[in-house]
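Asker:
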Amino acid sequence: MSQETTNQGLPNRWLLAGGGVLMQLALGAVYAWSVFRIPLSKTFGWSISDVTWAFSLAILALGFAAFVGGLWMRKVGPRVVGITAAVCYGLGVGLSGLASGNIWVLWLSYGILGGTGLGLGYIVPLATLVRWFPDRRGFITGLAVAGFGGGALITAPVAQQLIVSFGPLKTLAILGVAYFIMVVLGSSIMRTPPEGWRPKGWKPSVKQQEQLEARDYTLKEALSTWQWYVLWAMLFLNVTAGISIISQASPMAQEISGVNAGIAAGMVGLISIANGLGRLLWAWFSDAIGRRNVFLIMF
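Under numbering that gives the first Met the number 0, think of the first position of the sequence shown as 0, with each following residue one higher.
This is how it looks when you write it as structure tokens:
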């Protein structure tokens, strides 16, 4: 039996893509953190910088956990890593609701525990879906990360309304439960395809065939190339600039433009739309014009 006819008994790959997007929408809700800054600061007298540290710690933990999660997933598969991510992320955000008057609880729960869940969960759709879509590697990667970028589009206005009704801490507890459910649902259907699997009827182009036959670099080999360090530095600077704006978006809008919290939450949503579309479109273009050309245009 050829690799092209081994789809029987395998899940629909677009269903897996939907599960990956669902996971990323929940995880990407971290980008809506700025709507909590002023309410938490006013409620407990914490400084803006202290509240921002929760977000900073979450992003820092995300980076380390994504690295560990990628290595761990090779041994246990995407489902185990994804469900672990759901527990860490949902529990971390939910426990933030107990941070009444204690900033350390917020830092440890939302920042460290929640951020660990973010990193573990973030890597699952990326590493899994690219194996199911060898014919659309750029597009499917962009779709997965677009969900992360667009998470704040839904969360920012919803969180703002919940804060008005219940306060910031109860809102975090409610969202923690919602995030847990979303990530569990998405990760529960994740699985890797059989070795060498290809979509039925797909005939790769010469360029795609070269990519399929190319050997992946080991970590040690990648670290021995100058390109790895240039790429790391480029992405580090890009992410730093983006995170700096996203983490301050709501209070910046309120302080500079004088708009109310509801409108500021809408502006966070607009940033989220641009964030998500940019991730999807640039990745889609890379399938047509190549990854290197896309990087040259972007930067």
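The C-beta atom is built at its ideal place from N, Cα and C for all residues, glycine as well. Computed from a predicted model, the values in this text were never measured in an experiment.
#1: Which full runs of the alpha helix (DSSP H) of 4+ residues lie inside the stretch 215-281, going along the chain?
#2: So L310 and W106 are supposed to be a Cβ contact under 8 Å. How far apart are they, rounded?
#3: Check A98 in the structure and name its three-state DSSP category.
#4: Starting from G146, trace the alpha helix (DSSP H) in both directions and tell me its first and last residue.
#5: Assign S108 to one of two classes, buried (16 or more other C-beta atoms within 10 Å of its C-beta) or exposed (fewer than that).
#6: Mind checking whether G68 and G148 have CB atoms under 7 Å apart?
#7: Say whether the stretch 45-61 touches the stretch 160-175, bearing in mind that this needs 3 or more beta-carbon pairs closer than 8 Å, one atom from each stretch.
#8: Reducing DSSP to helix, strand and coil, say where T5 ends up.
#9: Rounding to the nearest angstrom, what Cα-Cα distance links A240 and A282 in this structure?
#10: Give the DSSP-derived three-state secondary structure of M181 in the structure shown.
#11: So G120 and I58 are in contact, right, with Cβ under 8 Å, and what is the actual spacing, rounded?
#12: How big is the Cα-Cα spacing for I102 and G289?
#13: Helix, strand or coil for F132, going by three-state DSSP, please let me know.
#14: Measure how close the beta-carbons of M72 and S186 come, nearest whole angstrom, since I'm counting them as under 8 Å.
#15: In terms of residues, what are the limits of the alpha helix (DSSP H) holding S108?
#16: Can R278 and V144 be called in contact, C-beta distance under 7 Å?
#17: Just to confirm, is the Cβ distance from A155 to V29 under 7 Å?
#18: Given a threshold of 16 other Cβ atoms within 10 Å of its Cβ, counted over all protein chains shown, does F54 qualify as buried or as exposed?
#19: Go through the stretch 20-46 residue by residue and report every complete run of the alpha helix (DSSP H) that reaches 4 residues or more, in order.
#20: Tell me which residues share the same chain as C87 and place their Cβ nearer than 6 Å to its Cβ, disregarding the 5 neighbours each side in the sequence.
#21: Kindly indicate which residue of G93, D215 and G110 has the alpha-carbon position closest to the one of L61.
#22: Consult DSSP for N11 and reduce its assignment to one of helix, strand or coil.
#23: Anyone know if the C-beta pair for A31 and A158 falls short of 7 Å?
#24: Would you please state the rounded distance, in angstroms, between the beta carbons of N123 and A84? I believe it to be under 8 Å.
#25: From what residue to what residue does the alpha helix (DSSP H) around M297 run?
#26: Less than 7 Å between C-beta atoms, sequence neighbours within five positions excluded: which residues of the same chain meet that for M297?
#27: Taking DSSP as the reference, what is the three-state secondary structure of P124?
#28: Given a cut-off of 7 Å on the beta-carbon distance, is the pair V258 and G146 in contact?
#29: Could you check if M0 is buried or exposed, using at least 16 other CB atoms within 10 Å of its CB as the buried criterion?
#30: Could you compute how far the alpha carbon of K202 sits from the alpha carbon of V129?
Answerer: Checking against the coordinates, here is how it stands:
#1: 218-222, 225-245 and 248-251
#2: In the structure as shown, the chain starts at 0 and stops at 298, and residue 310 therefore has no counterpart that could be examined.
#3: coil
#4: R136 to G148
#5: buried
#6: no
#7: no
#8: Any reading at T5 must be qualified, since the residue scores a pLDDT of 49, below 50, and its modelled position is unreliable; the value itself is stated next. Annotated three-state conformation of T5 is coil, per DSSP.
#9: A240 and A282 have their alpha carbons spaced roughly 20 Å apart.
#10: helix
#11: Contact doesn't hold; Cβ gap of about 14 Å is too wide.
#12: Each residue's Cα considered, the two are about 46 Å apart.
#13: coil
#14: Going by Cβ atoms, the distance from M72 to S186 rounds to 11 Å, so no, they are not a contact pair.
#15: No alpha helix (DSSP H) holds S108; DSSP gives it neither H nor E.
#16: yes
#17: no
#18: buried
#19: 33-43
#20: Closer than 6 Å at Cβ, skipping near neighbours: L112, T115 and G116.
#21: G110
#22: coil
#23: yes
#24: Note that residue 123 is Val in the sequence shown here, rather than Asn. Contact between V123 and A84 holds, with the beta-carbon distance rounding to 7 Å and staying under 8 Å.
#25: R290 to M297
#26: W281
#27: helix
#28: Cβ atoms of V258 and G146: not closer than 7 Å.
#29: Per-residue confidence for M0 stands at a pLDDT of 36, beneath the threshold of 50, marking its modelled position as unreliable; the derived number appears in the next sentence. It counts as exposed.
#30: So the alpha carbons of these two residues sit roughly 17 Å apart.
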